[in-house]
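Quick notes on the structure that follows.
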Amino acid sequence: MTGFDRVMIYRFEADDSGVVIAEEKPSHLESYLGLHYLMIDIPAPARKLFYRRWMRFIPDINYTPVKLIPTNYPLTNTPLDLSNSVLRGVYPCHIEYLQNMGVAGSMTISLINDKRLWGLIACHHYTPQLVDYETRKACEFLGQFASIELVHQQERELHVYQRQVKAIEHELQQTFLQESN
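Each residue of the sequence shown is one higher than the one before, counting from 124 in the numbering used here.
Next comes the structure, spelled out in structure tokens:
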């Protein structure tokens, strides 16, 4: 759908570390499936941004940043907050991280479950990758839909677990009723 070389589903663990749980890529690329990453690989400020925005798109990590003029909002003289901006500058350490992986373009779609960041759909390309607006919006919708499905799946799993607990409780009650002591 996007033309990216690699698309992964990355799930956050309880300690904010992460693991790649699904992947689609050409056969000649090394697999990241099952790899675990420390929580510092996606630090808390980045996770907070991913929670606030459904998508992060970097068409070319070798872009030349452009300074904003003015750098401060004139009415308050405070720095402009571009957190909600889709096409904004990227932290140099994130650029370095992507370069170390050989990635030249990336797109990340948030997966949100129960008011927390559950994981990410991470798309990597090994040359710059421009994705048109309509496709980005479709991917954002896909992330929202997948997030709803995550909630439904957890509800189904919880229901199965509750039935298993009730069955064990019933079995214990029957056993206790049958024993004389």
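Virtual Cβ for every residue (Gly too), placed ideally from N, Cα, C.
Best match in the options for proximity to residue i [C-alpha to C-alpha]
i, options, result
"residue 367", "299, 232, 218", "Because the chain in this structure spans residues 124 to 304, residue 367 falls outside the shown range and cannot be described."
"residue 212", "277, 252, 189", "189"
"residue 124", "160, 166, 246, 194", "246"
"residue 158", "171, 136, 169", "136"
Assumed close pair residue i, residue j - CB separation to whole angstroms, cut-off 8 Å
i, j, result
"residue 237", "residue 283", "Contact doesn't hold; Cβ gap of about 18 Å is too wide."
"residue 131", "residue 259", "With a Cβ gap of about 18 Å, residue 131 and residue 259 do not count as contacting."
Residues near residue i in its chain [Cβ-Cβ closer than 7 Å; skip 5 each side]
i, result
"residue 251", "182, 183, 227, 228"
"residue 221", "184, 229"
"residue 155", "131, 143, 146"
Spatial neighbours of residue i in its chain, beta-carbon cut-off 8 Å, leaving aside the 5 residues before and after
i, result
"residue 173", "165, 179, 231, 233, 240, 243"
"residue 138", "162"
"residue 176", "206, 207, 209, 233"
With 16 other Cβ atoms within 10 Å as the buried cut-off, status of residue i
i, result
"residue 254", "buried"
"residue 127", "buried"
"residue 248", "buried"
"residue 262", "buried"
"residue 303", "exposed"
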